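Engineer: Just add 77 to the spot in the sequence shown (first one is 1) and you have the working numbering.
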Amino acid sequence: MNKKIILLTLLLTIATTAAVVLYLENYKKSIDHREYVQVVVAKQTIPNRSRITRDMLELVTKDKAYVHPNSTGDIKSIVGTIATTRIARGDEVLKDYIAGPGDIEKGLAFVVPDNMRAITVPVNEVSALNYMIRPGDMVDVIVTLSLQEEQPDGSTKTYDQSNYVLQKVFVLATNSNLGYDNGFVQQEGSASGKNTVTLAVYPEHALPLALACDYGTIRLLLRSPADERETSVKPFLLEHFIRKDDSR
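#1: Rounded to a whole number of angstroms, what is the C-alpha to C-alpha distance between Thr-30 and Arg-111?
#2: Flag this pair as yes or no: are the beta carbons of Leu-314 and Asp-191 separated by less than 8 Å?
#3: Do the CB positions of Thr-122 and Arg-166 come within less than 8 Å of each other?
#4: Check whether the region 170 to 179 and the region 149 to 161 touch, using three or more Cβ-Cβ pairs below 8 Å as the test.
#5: Excluding the five sequence neighbours on either side, which residues of its own chain have a C-beta within less than 6 Å of the C-beta of Thr-233, listed in chain order?
#6: By the three-class DSSP mapping on this structure, what secondary structure does Asn-254 have?
#7: Report the rounded CA-to-CA distance for Asp-230 versus Ser-309, giving the unit in angstroms.
#8: So, with DSSP's three-state summary, where would you put Ile-319?
#9: Go ahead and pull the three-state DSSP assignment for Leu-88.
#10: Enumerate in chain order the residues of its own chain whose CB-to-CB distance from Gln-264 is below 7 Å, with the five nearest sequence positions on each side excluded.
#11: When DSSP labels each residue in this structure, what does Asp-230 get in the three-state scheme?
#12: Between the beta-carbon of Val-248 and the beta-carbon of Asp-217, is there less than 8 Å?
#13: Can you tell which of Ala-142, Tyr-292, Leu-284 and Pro-124 has its C-alpha closest to the C-alpha of Ala-195?
#14: Classify Met-215 as helix, strand or coil using the three-state DSSP reduction.
#15: Name the two residues that bound the continuous beta strand (DSSP E) containing Leu-297.
#16: Kindly give me the distance between the Cβ atoms of Val-114 and Lys-153, rounded to whole angstroms, as I take these residues to be in contact under 8 Å.
#17: Below 8 Å on the Cβ atoms is my contact criterion, and I expect Pro-212 with Ala-250 to pass it. Report the Cβ-Cβ distance as a whole number of Å.
#18: Could you pull the DSSP bridge partners for Tyr-241 from this structure?
So, in structure tokens, the structure goes:
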């Protein structure tokens, strides 16, 4: 009989303890005033300088008090951007860790359009229109070359020629300035004291432009933002300035 009483007492004690614990847990939940938010984190380690895809990301729920202010809950705003640092698995994907197209604060590489290349050309006060060209402008590039042509009698004829190299070229930077409001820093220029303009060109256009810079004198022609037309202009020779009078 005593054993039954002891067993019954033990069972009642366990049941009472469980009820108290359950009550306390429910009470704690009822007074939990913490705010929870969804945050984008790396589902896998994301290498530096890689394009972020949807399968690299996931949403997790966190206490808002422990969420970084530069985090986001919008996965779509992250997909397609470039990681500017290594993001470990489980880390919040902060806005400081990514760069999108045209994000000049992250450097020149993130301003270069897809399928294009950045190339820098030397300029001076004349070829850069008194340094009034700014990042974001569109320009044409012309070159003046001194060419030599062997004649039938064995002599060599030298003639100067100006020609269009490229049209509708986007200006990425002037010296080291990427922002439109900056323009040229005329007092300093580059480290060598020379001024430069960096252009966005297609790979097949980089070769003739490089050749023009190395063997000729280039000039930039500033275009109106509203002018989308390309023009067809024949090469111009120095001898075209000379009027020949056949009557003499």
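Where a beta carbon is used, it is the ideal one built from N, C-alpha and C, also for glycine. Keep in mind it's a predicted model, so treat the numbers as computed, not measured.
Structural biologist: Once the coordinates are examined:
#1: Past the boundaries of the shown model lies residue 30; the chain is included only from 78 to 325, so the question cannot be answered.
#2: For the purposes of this step, residue 314 is taken as residue 237 along the sequence shown, with counting starting at 1. For the purposes of this step, residue 191 is taken as residue 114 along the sequence shown, with counting starting at 1. At least 8 Å separates the beta-carbon of Leu-314 from that of Asp-191.
#3: Here residue 122 corresponds to residue number 45 of the sequence shown, with the count starting at 1. Here residue 166 corresponds to residue number 89 of the sequence shown, with the count starting at 1. Yes, Cβ-Cβ distance for Thr-122 and Arg-166 is below 8 Å.
#4: Three or more Cβ pairs closer than 8 Å define a contact, and the region 170 to 179 meets that threshold against the region 149 to 161.
#5: Translated into positions along the sequence shown, residue 233 becomes position 156. Residues of the same chain with a CB within less than 6 Å of the CB of Thr-233, apart from the 5 flanking positions on each side, are Gln-225 and Glu-227 in chain order.
#6: Here the question's residue 254 lines up with position 177 in the sequence shown. If DSSP states are grouped into helix, strand and coil, Asn-254 belongs with the strands.
#7: Here residue 230 is taken as the residue at index 153 of the sequence shown, counted from 1. Here residue 309 is taken as the residue at index 232 of the sequence shown, counted from 1. Inter-residue distance for Asp-230 and Ser-309 is about 34 Å (C-alpha atoms, whole angstroms).
#8: In the sequence shown, the residue the question calls residue 319 occupies position 242. DSSP places Ile-319 outside both helix and strand once states are collapsed to three, so it counts as coil.
#9: Here the question's residue 88 lines up with position 11 in the sequence shown. Note: Leu-88 maps to helix in three-state DSSP.
#10: On the sequence shown, residue 264 is found 187 positions in, with the first residue counted as 1. Legend: pLDDT at Gln-264 = 43, less than 50; position of this residue unreliable, no value from coordinates given.
#11: One-based indexing of the sequence shown puts residue 230 at position 153. Of the three classes helix, strand and coil, the one that applies to Asp-230 here is coil, per DSSP.
#12: As a first step, residue 248 is located in the sequence shown; it is residue number 171 there, counting from the start. As a first step, residue 217 is located in the sequence shown; it is residue number 140 there, counting from the start. No, the Cβ-Cβ distance between Val-248 and Asp-217 is not below 8 Å.
#13: Counting from one through the sequence shown, the residue named residue 195 turns up at place 118. When only C-alpha atoms are compared, the closest one is Leu-284.
#14: Taking the first residue of the sequence shown as 1, we reach residue 215 at position 138. Of the three classes helix, strand and coil, the one that applies to Met-215 here is strand, per DSSP.
#15: Numbered from 1 along the sequence shown, position 220 holds the residue referred to as residue 297. First-last of the beta strand (DSSP E) with Leu-297: 294 to 299.
#16: Counting from 1 along the sequence shown, the entry for residue 114 is found at position 37. Counting from 1 along the sequence shown, the entry for residue 153 is found at position 76. Between the beta-carbon of Val-114 and that of Lys-153 there is about 17 Å, and that puts the pair past the 8 Å contact cut.
#17: Here the question's residue 212 lines up with position 135 in the sequence shown. Here the question's residue 250 lines up with position 173 in the sequence shown. A Cβ-Cβ separation of about 5 Å places Pro-212 in contact with Ala-250 under the 8 Å criterion.
#18: Here the question's residue 241 lines up with position 164 in the sequence shown. The bridge partners DSSP lists for Tyr-241 are Ile-219.
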